[in-house]
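Asks:
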């Protein structure tokens, strides 16, 4: 398999595993009437993300998140020709994970979909802020467009865990369009999907602006390329 195809396969598989483990924990928690707990679900997402960074960071960068890929492209760290194949791979991986979960738990109504439990404006702001924080961490611990380095898996996975634990009851703490896309499409729960596609992208882009302000051209792999 050629190198670009290996990267796309890594993004598909990495997103598949992250969504299957995370949303699977939600479904299992519902089955066991709280046996997994909110803490357990948050850990499932955080550890899954950290594991995927360990596994695929050097191959594809382990973005496993369309908002992250778009932000890396916007910062000039990621080549445009790979932008859509990465995003398609991530969305497909998330959808396949949710379809598999649907076959395993056909009676579950939403397969771990994300829902806002607070007002829509507050939910959008919170998802933007959560993704801003996540992307901010990623920009500072990554090398180029790859989430690699001694502390990258721990920092990124830990951020996902903390944000999921603190904000999960409010918005589901998606921070990732693919994470919300897969369960929503597989279960038909599409009412709030637009917010979970838009807000994380906005938050990730704002993080690039903030990085540019603090680090200047060092925030970009290619000085001036697509940077604000």
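In the working numbering, the protein residues as written are 1036 to 1263.
Cβ atoms here follow ideal geometry from the backbone N, Cα and C, with glycine treated the same way.
Tell me the residue span of the alpha helix (DSSP H) that contains residue 1082.
Replies: 1072 to 1091
Asks: Straight-line CA distance for residue 1073 to residue 1246?
Replies: 32 Å
Asks: Going by DSSP in three states, residue 1248 sits in which element: helix, strand or coil?
Replies: helix
Asks: Tell me which same chain residues have a C-beta within less than 8 Å of the C-beta of residue 1094, skipping the five on either side of it?
Replies: 1041, 1042, 1045
Asks: Beta-carbon within less than 8 Å of residue 1130's beta-carbon, same chain only, minus the 5 sequence neighbours each way: which residues are those?
Replies: So the list reads 1216, 1217, 1220, 1221, once near-sequence residues are dropped.
Asks: Smallest Cα separation from residue 1150: which of 1241, 1058, 1228, 1243?
Replies: 1228
Asks: Quick one: what does DSSP say residue 1185 is sitting in, helix, strand or coil?
Replies: coil
Asks: Am I right that residue 1230 and residue 1169 are in contact with their C-beta atoms under 8 Å? What's the rounded C-beta distance?
Replies: The Cβ separation is near 17 Å, so there is no contact.
Asks: By alpha-carbon positions, which one of 1125, 1115, 1154, 1135 ends up nearest to residue 1204?
Replies: 1154
Asks: When DSSP builds the beta bridges, which residues end up paired with residue 1178?
Replies: 1181
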